[in-house]
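Taken in order, the sequence shown gives residues 180 to 439; the numbers are from this note's numbering.
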Amino acid sequence: MTGLSQAEIRDRAAELGPWFHNIDLGGVPTAPDHFLNDYPNVKWRRFQHAIPEDLTGRTVLDIGCNAGFYSIEMKRRGADRVLGVDFDDRYLEQARFAAEVKGADIEFRKLSVYDVADLGERFDIVLFMGVLYHLRHPLLALDLIHDHVAGDLMIYQSMQRGSPEEPPVRADYDFFEQDHFDAPGYPKLHFIEHEYAGDWTNWWAPNAACSAAMLRSSGFEILEHPEEEVFVCRVTERPKPWGAVYPARPKTNGAGRGAA
Ligand SMILES: C[S@@+](CC[C@H](N)C(=O)[O-])C[C@H]1O[C@@H](n2cnc3c(N)ncnc32)[C@H](O)[C@@H]1O
180 MTGLSQAEIR DRAAELGPWF HNIDLGGVPT APDHFLNDYP NVKWRRFQHA
230 IPEDLTGRTV LDIGCNAGFY SIEMKRRGAD RVLGVDFDDR YLEQARFAAE
280 VKGADIEFRK LSVYDVADLG ERFDIVLFMG VLYHLRHPLL ALDLIHDHVA
330 GDLMIYQSMQ RGSPEEPPVR ADYDFFEQDH FDAPGYPKLH FIEHEYAGDW
380 TNWWAPNAAC SAAMLRSSGF EILEHPEEEV FVCRVTERPK PWGAVYPARP
430 KTNGAGRGAA
């Protein structure tokens, strides 16, 4: 804990605002009027049971850490090292202040998810919460996390819209079969050209099946789906070996790169 009085914490929190994370800093709530209520506490309560309670000896990378709510929770569970990264300086300042007030030894660094390879390190637990739908290139981000920083568990969350169903999808369909594309539970990533909820940084809204399919496709085995938007995954082999690079198809029967 810092030696700051409650009044000093309140003043500094106000200076650093507005906050997306509502964190209790010595009796001062940082975002008491959050449109999702006590966020992300309300979310965390719904899936915290699915994360190992004792993280002693583990390393954690929190991508898109914002004001550090989840980084602080991971440290509270005893993680040896927690690194929070975000691309927004204002959020990083909030995170550093929140961790200082909480007495949590956490490193925060400015880094885009697209640059995670620069870390040169894999982490036992990677949190990738609430970021995917803010990215113009979401599958690239998942591939990069898989290929460069995810060591064991990956905790994913996304805003989702559309059907919550996840019916099985066949491995292939005939070219003239099309009905499945209109089935509500078929993986769909809705593109937001302009804004959603007044926020132009919302680029995509996957349905639940799409979140699951993208995770599998990037090489994440889904272990648990403890909450509608949250998937607990383990790093595994990617079903197709390539990630960001689209390979030339092998020439077969003179067909070159294929018909379509
Ligand atoms: C909706 S908030 C989610 C915050 C937190 N992870 C959570 O689940 O509550 C999205 C966060 O992602 C960050 N972000 C957006 N694009 C990013 C990028 N390319 N690399 C790293 N962080 C990014 C934003 O600055 C913001 O802090």
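Virtual Cβ for every residue (Gly too), placed ideally from N, Cα, C. Predicted model, so just to flag it, every value in this text is computed and none were measured.
When the distance is taken between beta carbons, is Ala283 closer than 9 Å to Val305? Counting from one through the sequence shown, the residue named residue 305 turns up at place 126. Counting from one through the sequence shown, the residue named residue 283 turns up at place 104. It is not a contact, given that the beta carbons lie outside the stated cut-off.
Ligand 1 heavy atoms versus the CB of Asp217: any closer than 8 Å? Within the sequence shown, residue 217 is the residue found at index 38, counting from 1. The answer is no for Asp217.
Supposed close pair Gly263, Ala274 - CB separation, criterion 8 Å: Along the sequence shown, read from residue 1 onward, the residue named residue 263 stands at position 84. Along the sequence shown, read from residue 1 onward, the residue named residue 274 stands at position 95. Right, their Cβ atoms sit about 6 Å apart.
Compute the beta-carbon to beta-carbon distance between Gly398 and His325, rounded to the nearest angstrom, for a pair I have assumed lies under 8 Å. Walking along the sequence shown from the start, residue 398 turns up at place 219. Walking along the sequence shown from the start, residue 325 turns up at place 146. Indeed they touch by this definition, with Cβ atoms about 4 Å apart.
Report back the beta-carbon spacing between Leu323 and Arg413 to the nearest angstrom; my notes put them in contact at under 8 Å. Start at 1 with the first residue of the sequence shown, and residue 323 comes out as number 144. Start at 1 with the first residue of the sequence shown, and residue 413 comes out as number 234. 18 Å between Cβ atoms; not a contact.
Exposed or buried, which one is Thr209 when buried takes at least 16 other CB atoms within 10 Å? Taking the sequence shown and counting its residues from 1, one reaches residue 209 at position 30. Buried, because 16 or more other Cβ atoms sit within 10 Å of the Cβ of Thr209.
From this set, Asp267, Val221, Leu240, Arg395, which residue's C-alpha is nearest Asp259's C-alpha? Along the sequence shown, read from residue 1 onward, the residue named residue 259 stands at position 80. When only C-alpha atoms are compared, the closest one is Leu240.
Quick one: is His200 buried, meaning 16 or more other Cβ sit within 10 Å of its Cβ, or exposed? The residue labelled residue 200 in the question sits at position 21 within the sequence shown. It counts as buried.
If you run the structure through DSSP and keep just helix, strand and coil, what is Cys244? Within the sequence shown, residue 244 is the residue found at index 65, counting from 1. Of the three classes helix, strand and coil, the one that applies to Cys244 here is coil, per DSSP.
Which one of Arg301, Ile242, Phe276 has the shortest CA to CA distance from Arg189? Position 10 of the sequence shown, counted from the first residue, corresponds to residue 189. Considering only alpha carbons, the answer is Phe276.
Just to confirm the assignment, what range does the alpha helix (DSSP H) spanning Asp303 have? Translated into the one-based positions of the sequence shown, residue 303 becomes position 124. Run containing Asp303: none in the alpha helix (DSSP H); it sits in the beta strand (DSSP E), 302 to 308.
Neighbourhood of Asn381 by C-beta, 8 Å cutoff - its chain only, sequence neighbours within 5 removed: By 1-based counting over the sequence shown, the position of residue 381 is 202. Excluding residues within five positions, the ones whose Cβ falls inside 8 Å are Tyr312, His313, Met338, Ile371, Glu374, Tyr375.
If you run the structure through DSSP and keep just helix, strand and coil, what is Lys281? Looking up residue 281 in the sequence shown gives position 102. Helix, per DSSP.
C-alpha gap between Gly205 and Gly196, whole angstroms: For the purposes of this step, residue 205 is identified with residue 26 of the sequence shown, where counting begins at 1. For the purposes of this step, residue 196 is identified with residue 17 of the sequence shown, where counting begins at 1. Cα-Cα distance, rounded: 16 Å.
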